Structures are given as C-alpha cells and as structure tokens.
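Data first, discussion second: the structure below is written as structure tokens.
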Amino acid sequence: MFDNGEHIMLVQTTKFFFCAISTAGDVYAVGTDNSPSSSLGSTGSHQATAGGGTSDAFLVKISSNGATRLWGTYYGGTAADEAMACSLDNSGNVYMTGFTMSAGNISSFGSHQTTFGGGAVSDAFIAGFNPSGIRLFGSYYGGTLTDNGWSCKPDGAGNVYLAGSTAQTGATGIISTTGSHQSNYGGGADDGFLAKFYACQNLSLSIAGGTTTLCAGSTTLSASGTGFTSYSWTPTGATTSSITISPTVTTTYTLVANTATPGCVYMDVHTVTAGITPTLIATAATPTACSGAGTSFLSASGASTYSWSTGATTSGINVAPTTTTTYTVTGFINACSTSVTVTQTIIPLPTVTITASSNTLCAGGSVTMTASGTASSYTWTGGNTNTVIVVSPTVTTNYLLLGTTSGCTGADQQTITVTASPTVNATASTASICSGSSISVTLTATGAATYSWNTGPTTASIAVTPTATTTYSVVGTNTLGCSRTRTINVVVNNTPTVAVSNYTICPGGTATLVASGATTYSWNTGATAATTTVAPSSNTNYTVTGTSFGTCTNTKTLSVTVGSAISIVLSPSTSTICIGSSGTITASGATSYTWNTGSNASSIVISPTTTTNYTVNGTSGTCNGTNTISIAVVQILQLPL
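So that you can map any letter, position 272 of the sequence shown is 271 in numbering that gives the first Met the number 0, and since no number is skipped, the others follow by simple counting.
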C-alpha cells in the first residue's frame, strides 16, 4: 500500500511480477489484477478502469520514496491479460510485456500486429509509455497458438527487444523473419523467441486549418507536426501534406503519416460537415398596416434557427412600427446563414371630427351632429352613413364616428349629455286627516330650482285643508329648464259613527254591550273589543270610543239599568197528600212560569205517589225568580172490620 492521501487497494488477486527503477529512483511495477475492488488505474491514465475480463495487466509508477503513486493504468480487454516484465530507456520511457487473451484494448494504430492472433489461447504483447503514462504504442505478437512475452529491453538507439515463448508452428512471418537465426519452429512444447522493434517517437500529428462546417466553396486541411516523411489522406487518396476539399455531404477525412522509423505510423481524423446555405423567405402577414393597428406578424422560413434585427431568435415575431419599417432576418442551418429583409408599410389614419349643435339637452330634445375630416366615408354608431345626423337620446350617450380611407379607419366620439328632469320629491306633513277636522296639511317639494303647484302657489311649500281626499301636483324645474311633475295625495278619512244601545238587567244579571261603526274600540272598563260584558249592581253609564283609519275617533255613552228582583209565592192546598189523592199548587209574583214538571201554567195539579219536590221558575220581563215546595205522601190506614 502506498499512501499520501490516496492508496492502491491490493488483495489476494492482485499480483506483482516485475519492477524497474528509473534514474530518478521512481519505481515501475507490473502484474495482473482480477479484483473488482482494486483501484490501480488513475484518473486520466491510458486505461483508468479494468477491461472486464477475468484479469487485467497493470503498470504503476511509484515515487522514489515509495509514498506516492504517480500514475497507474490497467492494460487489457474482456479476457485474461497479464504483464510479466518492464524496462526503461534513457529517456524515461517504460516498456511492458506479457500475454493477453483479449481481442481489443491492446494494439495501437499502425503497430506491428494490430489484431489478436491467438484464437482461444494467448498472444504476447508489448507496449510503450512515456514517463507521464501516455501510451506510445502497443502491439500483439503471436499466432493461433499460445504465445507469451516474458521480458523486454530497450537499447541505446531506441530499439526495443522482446523475449518470450511460443507454441506457434508453421511458416515464418508470424514469429520469425526470413533469414533470422532460426526461422522455423523447433518442436517440443514451446520455443523461445526474440524480436526487435523500432521504438517509435512520441510525435504529435493533427489536422489543422479548414472548418468543421463548410457552407459553400472549399477549405484546406493541412498536416500539423514534425518528423513525418509521407502522408496519405482518405477518402481523397492524396499524398500531400495539405488537401483542398469541397464536400457536398458530411465527410470524415483520415490522415495517416509515416516517419523514417519503419512501422511508426500516426493518424488523425477531421470531420467536415457539408452545410446547407438556407433559402430564406421572410413575409409579413399584413404587408400594409394602418397606423396604430397594433402588432403585425413577420415570419421567416427555410432555415433551422433565426436572428432578427430586433434581437428576436424565433421564426416569427410580432412588431408594432409607427412608421414604415424594414426588418432584417438571418437564417442559419448549422453554421451556414443568409439574410433577407421584409418591409412593414404603415398607412396614416384619416382625421375624423364630429361637430354637434349642442353637447347637452333635456330628455326628449334633439341634437344635430356633422362629420368632417380627411376620410372618404363615414359610419356612425348604429350604422348610419350620412354626414349629418339628428339624435334624440334619452340618457347621456357616446356617439362614435368612424372615417375610412384606403382601408384605414380613424375615429372621433361625441358625448351628448342628457339632463334628465329633476328628481322632484313631494311630501306632506301628514298623509291623512279626519273628516270635519280643521287641521292644516303642509305640502313640501324638493329637488328642483323652482316649483309650480296646481293650486297656484310657486313656493316650495304650501298649506292645504281638504274636506275630501285630494291629489295635489307640483312641477319642479331645474336651472337648465328641465322639469318633472310629482303628485301627492292627502287622504280625508271619515270620522266613524259609533252606535250603542241602552240595557236593563235584573239584579245579579249581566249585560252584553255592543258597539259598531268603527275599526277599533276602547271602553271605559278597559275592554278593547266591539263587544264587552258587564254586571253592574246598580244603574251605570258606560263610554266607548271608536277609532277608524288610525286617528279618526268618536265617543258614545250608554246606560245599563238594574231592575227589581222577583219573589215567587207558592200556595199549595196542602203540604201533605194521601196516596192516591190529588192537589193543586199555585205560583204568583211573575208573569210567566216554568215548572219542573214541564208545565207553563201558574197552577199545576199533582198526584205524587212518594214525597216529591216541585220547583217553578217565574219570569217578569228580563228578571226571574225560583221557589220549591215539598209535598209529602201519606199512606191510608186500613182499619179492621
């Protein structure tokens, strides 16, 4: 573990196989790792994360004091990869070798062997990095059988030697070269091999000049960088360092450059988008507009994006010029553009004037209004097209006049103020009086400047004493001469004629007193109904006041006379009677009688069989009296013979 605030997580599945030390004392270590929790790759390195196979090769550079990882990179693809050795040259470049079963992430463009040759087994590989961890090159080395790289060493001239083992048989060209010490496979399980590679320089090739988007014409692409001896462009086939192109479709150009060192090939690509110069069209929805008409809509088409002289960037804009104005719009398709203009013509509005004979009138009057100005035709509110009109509004009214010339309309308006009749109110000091009353009623008018009553007076208030219900009218006039009439009734209510009757009662009796002719009543007894019952013990006078219409009253007095009491005398022929005999009972003292036997005679004949009470009620006028006699029945004794 190395720690300066960061660390390399090493577990059982991380293996170091070889290390080398630079002249500055920095340590380079290589090996293999198959732990998903390892963090051997550093940010910005050649391969910061594992390639995803069962194991990846790795190369790390550690500071001379062993405390800091300077950089680290994985090296491998989706299968097993292991780094077995590394070495450094005099410039501080580091070379690494090992074996791989991955079909990608190993070789670099233009290297000795860019594709995996091992089938289901491994290839040797060799890769070079500068002191900062930037890969200089990478190459497979092997055929369809097992090949492993075990060691690599640079010489002072910048060449790199690779040593390893191979099981590859067959013709030369894969492992060995023609004329080498041993160009054929020797047999057995493996043969060793030694290969020499030219160490390519760390040159920078790029395509300079030109443009990423070409709208029209041509542009020139040039190779940038030194140390190159030849060039090849695709797809043009040119072999010069610069080419002039005029693509009609988007095209990617590839530049391959060679150096004097065999096998050292460099490449860069540059894509030129063939732009389309837009065919821009700009129109106004209403090319000619009237002054003050509000907004007009301008639209552009034929491009992808737009830029107007107003600053707007939409395809359509709303404008509201007060004078004729020309607008410019630029349309873009990617980086290609073109500009057009569109003009919004503004026509001034005609002048329009209304002249009125008066701007005020009383309700029911009329006003003459005349149209004038620079318009060719006029239209009034309501559709009248005459130059002169006569109006009779009943309320204050705004009249609008439209004048039109060349489709543009000016306007004027005139307010005719209608002065309504004054709001005249008439009130009475009392709304009603009673007939025969001498009360004077005050009538008062308000709401106008002057008044005229139908009775003749011209004051705001008058006094009247009607003998019958009367309607009074008053005309109120304001300062403009407008008037209104109001009426008011003074009701004369009839004083009620109260009728009552005198009564005579017997002592202890009651009398029902009845009054009529009014709406409500008030008796001196406190009763308030039309009918009341009294029971005086002596002759008494009663007073009732009848009221109608709330205030009209009349009072009457009646008398109740208390008569003498009646005494009924019974004169029986006997108070006893023998059984089977009859007798007579006679009543006197009244004018009519009623017996409990049902008889109405003054005398009755009786024949009781048992002792019996006989009662008579006698009446004289309204008075009556009662008396009772008991008749005892005597049994007859039977004497013996």
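Here a beta-carbon is modelled for each residue, glycine too, at the ideal position from N, C-alpha and C. Predicted model, so just to flag it, every value in this text is computed and none were measured.
Exercise for review: Take residue 18 and list the residues in its own chain whose beta-carbon comes closer than 8 Å to its own, dropping the five residues that flank it on each side.
Suggested key: For the purposes of this step, residue 18 is taken as residue 19 along the sequence shown, with counting starting at 1. Counting only Cβ-Cβ distances below 8 Å, and skipping sequence neighbours, we find 26, 27, 28, 29 and 85.
Point to revise | Inter-residue CB distance, residue 97 and residue 115 (contact presumed, cutoff 8 Å) | key: As a first step, residue 97 must be located in the sequence shown, where it is residue number 98. As a first step, residue 115 must be located in the sequence shown, where it is residue number 116. Going by Cβ atoms, the distance from residue 97 to residue 115 rounds to 14 Å, so no, they are not a contact pair.
Exercise for review: Sort 320, 303 and 319 by Cα distance to residue 312 and report the nearest one.
Suggested key: As a first step, residue 312 is located in the sequence shown; it is residue number 313 there, counting from the start. Measuring from the Cα of residue 312, the nearest candidate turns out to be 303.
Practice item. Compute the beta-carbon to beta-carbon distance between residue 533 and residue 541, rounded to the nearest angstrom, for a pair I have assumed lies under 8 Å. Key: For the purposes of this step, residue 533 is taken as residue 534 along the sequence shown, with counting starting at 1. For the purposes of this step, residue 541 is taken as residue 542 along the sequence shown, with counting starting at 1. The pair is a contact, with the Cβ atoms about 7 Å apart (cut-off 8 Å).
Check your understanding: Any idea which residues DSSP pairs residue 458 with across the strands?
Key -> As a position in the sequence shown, residue 458 is number 459, starting the count at 1. DSSP output for residue 458 lists no bridge partner at all.
Exercise for review: Along the beta strand (DSSP E) that carries residue 556, what are the first and last residues, could you check?
Suggested key: One-based indexing of the sequence shown puts residue 556 at position 557. Unbroken beta strand (DSSP E) run through residue 556: 551 to 561.
**Study point:** Residue span of the beta strand (DSSP E) that contains residue 412, given as start and end
**Key:** The count along the sequence shown starts at 1 and reaches residue 412 at position 413. 407 to 418 is the extent of the beta strand (DSSP E) around residue 412.
Check your understanding: Does the separation of the CB atoms of residue 77 and residue 101 fall below 9 Å?
Key -> Reading the sequence shown from its first residue, position 78 is the one you call residue 77. Reading the sequence shown from its first residue, position 102 is the one you call residue 101. In this structure, residue 101 lies closer than 9 Å to residue 77 by Cβ.
Point to revise | Beta-carbon spacing of residue 300, residue 283 below 9 Å | key: For the purposes of this step, residue 300 is identified with residue 301 of the sequence shown, where counting begins at 1. For the purposes of this step, residue 283 is identified with residue 284 of the sequence shown, where counting begins at 1. No.
**Study point:** Under 9 Å between C-beta atoms of residue 349 and residue 403
**Key:** Counting from 1 along the sequence shown, the entry for residue 349 is found at position 350. Counting from 1 along the sequence shown, the entry for residue 403 is found at position 404. Yes; because the gap between Cβ atoms is below 9 Å, this pair is in contact.
Check your understanding: In this structure, does DSSP put residue 255 in helix, strand or coil?
Key -> One-based indexing of the sequence shown puts residue 255 at position 256. Looking at residue 255 - three-state DSSP - the assignment turns out to be strand.
**Study point:** Through-space distance from residue 159 to residue 165, alpha-carbon basis
**Key:** For this step, residue 165 is matched to residue 166 along the sequence shown. For this step, residue 159 is matched to residue 160 along the sequence shown. The straight-line gap from Cα to Cα measures roughly 19 Å.
Point to revise | Nearest-angstrom Cα separation, counted from residue 68 out to residue 15 | key: Within the sequence shown, the letter at position 16 stands for residue 15. Within the sequence shown, the letter at position 69 stands for residue 68. When rounded, the distance between both Cα atoms is 15 Å.
Review point. Roughly how many whole angstroms lie between the Cα atoms of residue 629 and residue 614?
Key: Taking the sequence shown and counting its residues from 1, one reaches residue 629 at position 630. Taking the sequence shown and counting its residues from 1, one reaches residue 614 at position 615. Each residue's Cα considered, the two are about 9 Å apart.
Review point. From residue 110 to residue 50, what distance separates their C-alpha atoms?
Key: As a first step, residue 110 is located in the sequence shown; it is residue number 111 there, counting from the start. As a first step, residue 50 is located in the sequence shown; it is residue number 51 there, counting from the start. Their backbone Cα atoms lie some 21 Å apart in a straight line.
Practice item. Have a look at 437, 431, 553 and 205 and flag the residue whose alpha-carbon is nearest the alpha-carbon of residue 499. Key: The residue given as residue 499 occupies position 500 in the sequence shown. Ranking 437, 431, 553 and 205 by Cα distance to residue 499 puts 553 first.
Practice item. Tell me residue 480's beta-bridge partners as DSSP assigns them. Key: Numbered from its first residue, the sequence shown carries residue 480 at position 481. Beta-bridge pairing links residue 480 to no other residue.
Review point. How should residue 196 be labelled, buried or exposed, when 16 other C-beta atoms within 10 angstroms of its C-beta is the threshold for buried?
Key: Position 197 of the sequence shown holds residue 196. It is buried - the Cβ of residue 196 has at least 16 other Cβ atoms within 10 Å.
Exercise for review: Check residue 98 in the structure and name its three-state DSSP category.
Suggested key: Looking up residue 98 in the sequence shown gives position 99. Reduced to three states, the DSSP call for residue 98 is strand.
Exercise for review: Could you tell me whether the stretch 474 to 489 touches the stretch 503 to 519, using the rule of 3 or more Cβ pairs below 8 Å?
Suggested key: no
Review point. Three-state secondary structure (DSSP) at residue 190?
Key: Working through the sequence shown from its first residue, we reach residue 190 at position 191. It is a strand residue.
Review point. Does the separation of the CB atoms of residue 491 and residue 468 fall below 9 Å?
Key: Position 492 of the sequence shown, counted from the first residue, corresponds to residue 491. Position 469 of the sequence shown, counted from the first residue, corresponds to residue 468. Result yes, Cβ atoms of residue 491 and residue 468 sit closer than 9 Å.
Review point. What residue does the beta strand (DSSP E) around residue 433 start on, and which one ends it?
Key: Here residue 433 refers to the residue found at position 434 when the sequence shown is read from its first residue. Start and end: 431 to 433.
Practice item. Check whether the Cβ atoms of residue 567 and residue 620 sit closer than 9 Å, and answer yes or no. Key: The residue you call residue 567 lines up with position 568 of the sequence shown. The residue you call residue 620 lines up with position 621 of the sequence shown. Result no, Cβ atoms of residue 567 and residue 620 do not sit closer than 9 Å.
Exercise for review: Determine, using beta carbons only, whether residue 329 and residue 338 come nearer to each other than 9 Å.
Suggested key: Within the sequence shown, the letter at position 330 stands for residue 329. Within the sequence shown, the letter at position 339 stands for residue 338. Yes, the pair counts as a contact, with Cβ atoms nearer than the cut-off.
**Study point:** Nearest-angstrom Cα separation, counted from residue 212 out to residue 13
**Key:** Here residue 13 is taken as the residue at index 14 of the sequence shown, counted from 1. Here residue 212 is taken as the residue at index 213 of the sequence shown, counted from 1. One C-alpha to the other measures close to 49 Å.
**Study point:** residue 69 - DSSP class collapsed to helix/strand/coil
**Key:** Taking the first residue of the sequence shown as position 1, residue 69 is located at position 70. It is a strand residue.
Exercise for review: Express the C-alpha separation of residue 618 and residue 600 in angstroms, rounding to a whole number.
Suggested key: In the sequence shown, residue 600 corresponds to position 601, counting from 1. In the sequence shown, residue 618 corresponds to position 619, counting from 1. Each residue's alpha carbon lies about 12 Å from the other.
Point to revise | From 59, 90 and 176, residue whose alpha carbon lies closest to that of residue 132 | key: Walking along the sequence shown from the start, residue 132 turns up at place 133. The shortest Cα separation from residue 132 among 59, 90 and 176 belongs to 59.
Point to revise | Identity of the residues DSSP links to residue 266 by a beta bridge | key: Stepping through the sequence shown from its first residue, residue 266 is reached at position 267. Bridge partners of residue 266: 255.
Check your understanding: Can you round the beta-carbon distance between residue 392 and residue 351 to whole angstroms, since I take them to be within the 8 Å contact cut?
Key -> The count along the sequence shown starts at 1 and reaches residue 392 at position 393. The count along the sequence shown starts at 1 and reaches residue 351 at position 352. About 20 Å; that fails the 8 Å criterion.
Review point. Can you tell me the Cα-Cα spacing of residue 320 and residue 291, whole angstroms?
Key: As a first step, residue 320 is located in the sequence shown; it is residue number 321 there, counting from the start. As a first step, residue 291 is located in the sequence shown; it is residue number 292 there, counting from the start. Between residue 320 and residue 291, the C-alpha separation is close to 8 Å.
Review point. So what does DSSP say about residue 492, is it helix, strand or coil?
Key: As a first step, residue 492 must be located in the sequence shown, where it is residue number 493. If DSSP states are grouped into helix, strand and coil, residue 492 belongs with the strands.
Check your understanding: What did DSSP end up calling residue 580 once you bin it into helix, strand or coil?
Key -> As a position in the sequence shown, residue 580 is number 581, starting the count at 1. Coil at residue 580, not helix or strand.
Practice item. Could you please give me the residues that DSSP links to residue 368 through a beta bridge? Key: Position 369 of the sequence shown, counted from the start, is the residue given in the question as residue 368. DSSP output for residue 368 lists 355 and 388 as bridge partner(s).
Review point. Does the stretch 398 to 415 come close enough to the stretch 376 to 384 to have 3 or more Cβ pairs within less than 8 Å?
Key: yes
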